[in-house]
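Numbering (UniProt numbering), first residue to last: 1 to 365.
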């Protein structure tokens, strides 16, 4: 059975042995190149947007048997394996490297013949994806990985991962250009986690539409009226307790006094026309988004969503019989069989997929 999604990854504090990396890299290199030859770079990038596909790759090269951050390792391997010459460019990375997308994009632009307008648009997409997952969705996790996959057709997938500071659990966020109709309303292909939290401020939920509109309207308010929200919160807290709301929901929008009033002043001078414009404004961070969400409740009675948008492992398993998942498995099997891996190695790869899903097509020869 498919051990879906992200397990409760206890981050390995020591580096995994180089031999595991080299072993996995050799397999991924052959399988991914075979996949691109058979189905094209656009199809590979689209498949990486499916949350389970990265887990398939990790499994077939044995990374799920090693104590390591599989997403981090797989991202590093894919960045080495996939180059613009293969039809796929990989930009970004972990920690400081995740901020390298703009510089790397300019290098890729000359190879993929991208116009300046497209370069700026793609950089904007990268920036907004990071902003949404770190600011618009406040789940208590801190981003540390941002990887963008791009083809000549300007099709992109972005995979991000964040870590919960104290529990050392991680979440993985998947975005696909073909799915995104709005950066601020349910834009994800999926968010994977081992556990759901009792309360998450999710300004991207459909349920948060009125709160988003109210947040934009609040940028027109003067500072004295906004500063009174601190006082109003005390009343809201008492009323919420009377209404039986969970403590986590009440506390998640509690004002901290760290609101950047300078940014609010700038927003009043240059008012955003939409929530996306508000979110993209330089200096708008977690505290300001939370503060405006509080204002939307108090002044407009527009409550945002506090439901955790993450998908749990058992929820992912419900997709087992979906045509889309079966097609991805079939593609991987074909890529393995037509790769330049040795027959023995191909059998091992398929055997690992067998361990996830049951029987797969046997390797000939």
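We treat Cβ as the ideally placed atom computed from N, Cα and C, and that holds for glycine.
Fair warning: this is a prediction, and the values are worked out from it, not measured in the lab.
Only counting runs of 3 or more residues, tell me where the beta strand (DSSP E) segments fall wholly within the segment 51-128, in order along the chain. Runs of the beta strand (DSSP E) lying entirely within the segment 51-128 and spanning at least 3 residues, in chain order: 88-94.
May I ask you to report which of helix, strand or coil DSSP gives residue 173? Position 173 of the chain shown holds residue 173. Here residue 173 carries a strand assignment [DSSP, helix/strand/coil].
Output the distance between the C-alpha atoms of residue 21 and residue 64, rounded to the nearest integer angstrom. In the chain shown, the residue the question calls residue 21 occupies position 21. In the chain shown, the residue the question calls residue 64 occupies position 64. Cα to Cα, residue 21 sits roughly 12 angstroms from residue 64.
Residue 44: buried (16+ other C-beta within 10 angstroms of its C-beta) or exposed? Here residue 44 refers to the residue found at position 44 of the chain shown. By the 10 Å Cβ count, residue 44 comes out buried.
Return the residue from the list 92, 143, 96 that minimises the CA-CA distance to residue 122. For the purposes of this step, residue 122 is taken as residue 122 along the chain shown, with counting starting at 1. Checked all of 92, 143, 96; the closest Cα to residue 122 is 92.
Using 8 angstroms as the threshold, is the segment 170-186 in touch with the segment 275-290, meaning 3 or more CB pairs across them? yes
Assuming residue 42 is part of the beta strand (DSSP E), what are its boundary residues? Walking along the chain shown from the start, residue 42 turns up at place 42. That residue, residue 42, is in no beta strand (DSSP E); its alpha helix (DSSP H) goes 41-48.
Taking 7 angstroms as the limit between beta carbons, can you name the residues of its chain near residue 268, skipping five residues before and five after? Position 268 of the chain shown, counted from the first residue, corresponds to residue 268. Only 219, 220 meet the Cβ criterion.
What does DSSP give as the partner residues of residue 190 in its beta bridges? Within the chain shown, residue 190 is the residue found at index 190, counting from 1. In the DSSP output, where bridge partners are listed per residue, residue 190 has 174.
Identify, in the order they occur along the chain, each residue of the same chain with its Cβ nearer than 6 angstroms to the Cβ of residue 351, setting aside the five sequence neighbours on each side. As a working note, residue 351 is residue 351 in the chain shown. Contacts found: none.
Check whether the segment 111-129 touches the segment 252-272, counting contact only when three or more Cβ pairs, one atom from each stretch, lie closer than 8 angstroms. no
Cα-Cα separation, residue 198 to residue 308: Residue 198 sits at position 198 when you count from the first residue of the chain shown. Residue 308 sits at position 308 when you count from the first residue of the chain shown. For residue 198 and residue 308, the distance between alpha carbons rounds to 7 angstroms.
Can you have a look at residue 131 and say buried or exposed, based on whether 16 or more other CB atoms are within 10 angstroms of its CB? Within the chain shown, the letter at position 131 stands for residue 131. With 16 or more Cβ atoms within 10 Å of its Cβ, residue 131 is classed as buried.
Residue 329 to residue 335 span [Cα, whole Å]: Here the question's residue 329 lines up with position 329 in the chain shown. Here the question's residue 335 lines up with position 335 in the chain shown. Taking C-alpha positions only, residue 329 is separated from residue 335 by approximately 10 angstroms.
Can the beta-carbon of residue 193 be found less than 7 angstroms from the beta-carbon of residue 304? Taking the chain shown and counting its residues from 1, the one referred to as residue 193 is at position 193. Taking the chain shown and counting its residues from 1, the one referred to as residue 304 is at position 304. It is not a contact, given that the beta carbons lie outside the stated cut-off.
Residue 218: first and last residue of the uninterrupted alpha helix (DSSP H) it sits in: As a first step, residue 218 is located in the chain shown; it is residue number 218 there, counting from the start. Its alpha helix (DSSP H) spans residues 209-218.
Which residues in the same chain as residue 241 place their Cβ atom closer than 6 angstroms to its Cβ, once the five residues preceding and following it in sequence are excluded? For the purposes of this step, residue 241 is taken as residue 241 along the chain shown, with counting starting at 1. No answer about residue 241 holds up, because its pLDDT of 47 lies below 50 and its placement is not dependable.
Looking at the C-beta of residue 98, does it have a partner C-beta in chain B at a distance below 7 angstroms? Given the protein chain composition of this structure (a single chain), no chain B is represented.
Which residue from 160, 230, 343 puts its Cα closest to that of residue 293? Numbered from 1 along the chain shown, position 293 holds the residue referred to as residue 293. For residue 293, the nearest C-alpha among the options comes from 230.
What did DSSP end up calling residue 150 once you bin it into helix, strand or coil? Counting from 1 along the chain shown, the entry for residue 150 is found at position 150. In the structure shown, residue 150 sits in a strand (DSSP, three-state: E or B).
Beta-carbon gap between residue 142 and residue 163 smaller than 7 angstroms: Mapped onto the chain shown, residue 142 falls at position 142. Mapped onto the chain shown, residue 163 falls at position 163. Cβ atoms of residue 142 and residue 163: closer than 7 angstroms.
Report buried or exposed for residue 178, applying the criterion of at least 16 other Cβ atoms within 10 angstroms of its Cβ. Taking the chain shown and counting its residues from 1, the one referred to as residue 178 is at position 178. That one is exposed.
Taking the CB atoms as reference points, tell me whether residue 403 and residue 157 lie closer together than 7 angstroms. The question about residue 403 has no answer here: the residues shown for the chain are numbered 1 through 365.
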